[in-house]
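Asks: Under the working numbering, the first residue of the sequence shown is numbered 420, with each subsequent residue one higher. Heads up, the beta-carbon is just placed ideally off N, CA and C, and yes, glycines get one too. Note that this is a predicted model, so its numbers are computed, not measured. Here it is, the structure, as structure tokens.
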Amino acid sequence: MTERLRPGPLRWLRYAAGGSLPARYRTWVLHDTTCRTWHLRHFARTAVMLTLLSVPLMLLVPGPLWLRLTAVLLGWLVSLQYALFVMEESVENRVVKAGYPAGTARATRARATAGERAEAARRYAQRYRGGS
């Protein structure tokens, strides 16, 4: 297995904003989108981008503080809901940008959890299907 090189903070910010990384980070991108915590990583990328947008809005937009806080909170809620809805496709797009074929992230995650899913199916069949 090749070494998994992590991007620096500025490259990671570009990656979080939807940009592509150089080819040497290819294995890290696959790990980032397929590891056990890939959901959390997706929301962390979203939160960083939202923070970078929210802070200037809070500081530069005139009006009462409560109104600015409410607007930012509602914007976060809508953005996080959207991030949840497009999570799978967004992650697949990152993997494709890294040079992998479409569906690689989904297939890698499926292989990693195949044993757990088989065991859950066995327990389900035993409990609800009479052990068949």
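I'd like to know whether the C-beta atoms of threonine 465 and leucine 499 end up nearer to each other than 8 Å.
Replies: yes
Asks: Taking the continuous alpha helix (DSSP H) assigned at glycine 438, which residues delimit it?
Replies: Element bounds for glycine 438: n/a, residue is neither H nor E.
Asks: Just curious, the alpha helix (DSSP H) that proline 475 is in, first and last residue?
Replies: 457-479 is the span of the alpha helix (DSSP H), which, as asked, contains proline 475.
Asks: For alanine 521, I'd like the list of residues in its chain whose CB is within less than 7 Å of its CB, leaving aside the five on either flank, ordered along the chain.
Replies: Glu511 and Val515
Asks: Please confirm if the stretch 527-535 is in contact with the stretch 483-491, defined as three or more CB-CB distances below 8 Å between the two stretches.
Replies: no
Asks: Decide if the stretch 495-509 is in contact with the stretch 455-471; the criterion is three or more beta carbon pairs, one per stretch, under 8 Å apart.
Replies: The answer is yes - the stretch 455-471 touches the stretch 495-509, with three or more Cβ pairs under 8 Å.
Asks: Would you mind working out which of Leu472, Arg542, Gly549 and Leu479 sits nearest leucine 492, comparing C-alpha positions?
Replies: Leu472
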